[in-house]
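Below is one structure, written out as structure tokens, with a few remarks after it.
There are 2 protein chains.
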Amino acid sequence: MRRASDDLVAEIEVRIASGQFENNKPLPAERDLMDMFGASRTVVREAISTLSNRGLVETKPRFRPVVKKPDYGTVLTATGKIIEHLLSEPGGVTDLYRSREFIERSLARHAALHANKDDIADLKAALEANFEAIDDTPRFFQTDMEFHGVLYKIVRNPIFPAIHEGYLSWLSPSWGKMNRAPDHNLINYQAHKKIYEAILARDPVLAENAMDEHLAVAWEVVKDTLEKK
Amino acid sequence: MRRASDDLVAEIEVRIASGQFENNKPLPAERDLMDMFGASRTVVREAISTLSNRGLVETKPRFRPVVKKPDYGTVLTATGKIIEHLLSEPGGVTDLYRSREFIERSLARHAALHANKDDIADLKAALEANFEAIDDTPRFFQTDMEFHGVLYKIVRNPIFPAIHEGYLSWLSPSWGKMNRAPDHNLINYQAHKKIYEAILARDPVLAENAMDEHLAVAWEVVKDTLEKK
DNA sequence: ACCTGTATTTTGGTCGGACCAAAACATAGT
DNA sequence: ACTATGTTTTGGTCCGACCAAAATACAGGT
Numbered sequence: 042m043r044r045a046s047d048d049l050v051a052e053i054e055v056r057i058a059s060g061q062f063e064n065n066k067p068l069p070a071e072r073d074l075m076d077m078f079g080a081s082r083t084v085v086r087e088a089i090s091t092l093s094n095r096g097l098v099e100t101k102p103r104f105r106p107v108v109k110k111p112d113y114g115t116v117l118t119a120t121g122k123i124i125e126h127l128l129s130e131p132g133g134v135t136d137l138y139r140s141r142e143f144i145e146r147s148l149a150r151h152a153a154l155h156a157n158k159d160d161i162a163d164l165k166a167a168l169e170a171n172f173e174a175i176d177d178t179p180r181f182f183q184t185d186m187e188f189h190g191v192l193y194k195i196v197r198n199p200i201f202p203a204i205h206e207g208y209l210s211w212l213s214p215s216w217g218k219m220n221r222a223p224d225h226n227l228i229n230y231q232a233h234k235k236i237y238e239a240i241l242a243r244d245p246v247l248a249e250n251a252m253d254e255h256l257a258v259a260w261e262v263v264k265d266t267l268e269k270k
Numbered sequence: 042m043r044r045a046s047d048d049l050v051a052e053i054e055v056r057i058a059s060g061q062f063e064n065n066k067p068l069p070a071e072r073d074l075m076d077m078f079g080a081s082r083t084v085v086r087e088a089i090s091t092l093s094n095r096g097l098v099e100t101k102p103r104f105r106p107v108v109k110k111p112d113y114g115t116v117l118t119a120t121g122k123i124i125e126h127l128l129s130e131p132g133g134v135t136d137l138y139r140s141r142e143f144i145e146r147s148l149a150r151h152a153a154l155h156a157n158k159d160d161i162a163d164l165k166a167a168l169e170a171n172f173e174a175i176d177d178t179p180r181f182f183q184t185d186m187e188f189h190g191v192l193y194k195i196v197r198n199p200i201f202p203a204i205h206e207g208y209l210s211w212l213s214p215s216w217g218k219m220n221r222a223p224d225h226n227l228i229n230y231q232a233h234k235k236i237y238e239a240i241l242a243r244d245p246v247l248a249e250n251a252m253d254e255h256l257a258v259a260w261e262v263v264k265d266t267l268e269k270k
């Protein structure tokens with residue numbers, strides 16, 4: 042059996058996909074949707090709630106729901122709450138971090154094999170920005186993320202930057218509060234440099250190992266902060 | 042401002058986490074929840090709807106919602122609908138398939154480097170089951186998936202089998218209807234064998250390349266079916 | 001005409017009650 | 001003990017109402 046609201050959800054979805062309900066514009070008022078589809082307000086509201094949780098509309102309480110055509114980022118925000126639960130379980134953060142190690146190790150290898158001139162230039166720029174920020178921990182953190190972000194970009198697949206965003210939003214919340222002294226920054230910078238140089242030298246194994254070591258060291262620093270809670 | 046239902050969601054979440062609402066058992070009836078939290082039925086239903094979309098309870102129309110402590114599989118079902126939208130966009134399926142290639146290439150490499158005796162035995166068993174099923178296309182399909190599944194298992198991280206499930210549920214729907222003749226099966230089996238042997242020989246590069254070629258060939262066969270629509 | 005503060009209307013959030021049909025439960029009959 | 005039947009519980013839907021905040025219209029001053 043199917044719920045009336047499910048039908049409504051489907052109908053609104055096609056209108057969003059077809060552009061009849063324009064992207065980034067507010068959805069019609071609930072009472073208008075009632076007329077439009079001949080449904081009760083209960084059903085309309087339930088449908089909007091579902092669409093909101095699906096990420097197709099963005100609802101702020103008391104404001105008109107805004108249509109949002111989904112992208113890979115939408116997936117993250119939609120899963121955020123579930124992931125939070127998983128991370129609070131024992132070993133959850135560790136599993137997530139290990140998966141990140143796996144991915145980024147492979148990314149480093151991939152970059153060493155396939156990065157083009159522009160990629161290398163981006164990487165170099167990110168590395169230099171990273172160096173400039175060694176004495177400015179917040180900014181170092183920023184450039185640190187961006188350096189890794191370049192690697193996610195090199196595969197030229199929009200899924201990967203989204204994954205990067207995911208790791209950041211799920212793993213980094215606690216990092217902000219940590220003491221990341223300049224000497225820690227220096228260590229991380231040197232690790233980045235090693236990775237960059239391995240990629241520049243087109244040495245996939247070296248790049249992979251450099252990344253692996255970098256993340257292992259970083260894990261030792263953050264694991265207590267992260268796995269506590 | 043916050044909605045009343047959001048508070049209720051939070052309260053129910055803690056009761057699920059604390060086990061007061063037991064896993065795999067039905068949630069209290071809506072009218073009981075009303076009493077329990079002093080909320081109106083509207084709010085209760087809205088909260089249940091949200092929990093359902095979060096994956097913390099499973100609702101079948103007309104049945105009591107069942108409490109489901111989230112696991113990595115939950116994330117998939119929760120994102121399923123959004124992913125569907127993304128896949129219907131031009132290039133969506135291609136991006137997803139390419140990401141799978143990236144992951145499985147790395148998995149093959151990882152297996153060659155780190156598989157233990159048991160892993161090899163599992164892989165061998167999966168390969169043999171695959172061989173047995175060459176003349177039975179549906180069963181071949183099954184054993185095909187399982188062979189790849191072993192690779193996802195070898196990293197010993199619960200996130201990866203979940204990713205595998207995701208790829209299957211998002212990419213395989215159309216495959217079922219395709220004509221996968223026994224000679225196609227044979228080709229795939231031989232590719233699997235090559236991968237297995239590379240892993241057995243502890244040759245990461247060979248394993249990676251074998252996987253890469255396997256998936257590239259498979260893509261040529263399925264891309265038209267998948268990207269159409 | 002343009003900006004600004006105020007009155008009016010619209011709209012989302014919440015409530016309570018009601019009805020139906022299906023599910024869950026209880027009961028009687030074999 | 002098991003099945004068939006009757007009763008109660010419960011989820012899905014609809015309606016009407018009220019409130020407060022947002023959106024809009026309006027009036028007044030510059």
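Heads up: the sequence lines are chains P and E, in that order.
My numbering puts the first residue of the first sequence at 42, with every later residue one more than the last.
My numbering puts the first residue of the second sequence at 42, with every later residue one more than the last.
Every residue gets a Cβ at the ideal spot worked out from N, C-alpha and C, and that includes glycine.
Using a Cβ-Cβ cut-off of 9 angstroms, P/D163 is close to nothing in chain E; its nearest Cβ partner there is about 19 angstroms away. Scanning E/N226, E/R105 and E/G133 for the CA closest to the CA of E/F172 turns up E/N226.
Against chain P, the CB of E/R95 has a partner CB under 8 angstroms away; the residue lies at that interface.
Counting only runs of at least 4 residues, the region 179-256 of chain E fully encloses the following alpha helix (DSSP H) elements, listed from N- to C-terminal order: 200-212 and 223-241.
If you look at E/D177, you'll find it isn't in any alpha helix (DSSP H); DSSP assigns it neither H nor E.
Between P/S59 and chain E, the shortest Cβ-Cβ separation is not below 8 angstroms. Distance from E/R95 to P/K122 at the Cβ level is roughly 5 angstroms; contact confirmed, criterion being Cβ atoms closer than 8 angstroms. Residues of chain E with a Cβ closer than 7 angstroms to the Cβ of P/H189 do not exist, since the nearest Cβ in that chain sits about 16 angstroms away. As a beta-bridge residue in DSSP terms, E/P67 pairs with E/V107.
Contact fails between the region 84-104 of chain P and the region 124-137 of chain P, because fewer than three Cβ pairs, one in each stretch, are under 8 angstroms apart. Here P/M252 is near P/I236, since their CB atoms are less than 8 angstroms apart. When the alpha-carbon of E/N250 is set against those of E/L209, E/K234 and E/V262, the nearest one is in E/K234. Counting only the Cα atoms, E/D176 lies some 43 angstroms from P/G114. Partner residues in the beta bridge of E/V98, as assigned by DSSP, are E/V108.
Rounded to whole angstroms, E/W211 and E/E125 show a C-alpha spacing of 8 angstroms.
For E/D244, the CB contacts under 7 angstroms within the same chain, skipping 5 residues up- and downstream, are A153 in chain order. Taking 8 angstroms as the Cβ-Cβ cut-off, the region 116-135 of chain E approaches chain P at V116, A119, T120, K122, I123, I124, H126, L127 and S129, given in chain order. Beta-carbon to beta-carbon, E/L117 and E/L128 are separated by about 14 angstroms, too far to satisfy the 8 angstroms threshold.
The beta carbon of E/R146 sits closer than 6 angstroms to the beta carbons of E249, M252 and D253 from its chain, once the five residues preceding and following it are set aside; these are given in chain order. The Cβ atoms of E/P106 and E/L168 do not sit closer than 8 angstroms to each other. In this structure E/V258 is exposed. Its beta-carbon is surrounded by fewer than 16 other beta-carbon atoms within 10 angstroms. Comparing alpha carbon positions, the residue from P/G207, P/W260, P/A242 and P/H189 closest to P/A170 is P/H189. DSSP, reduced to helix, strand and coil, places E/R56 within a helical segment of the structure shown.
Taking 8 angstroms as the Cβ-Cβ cut-off, the region 195-215 of chain E approaches chain P at V196, N198, P199, I200 and F201, given in chain order. For P/E238, none of the residues of chain E pass the 9 angstroms Cβ criterion, the least Cβ distance being about 22 angstroms. DSSP, read as helix, strand or coil, puts P/S81 in coil.
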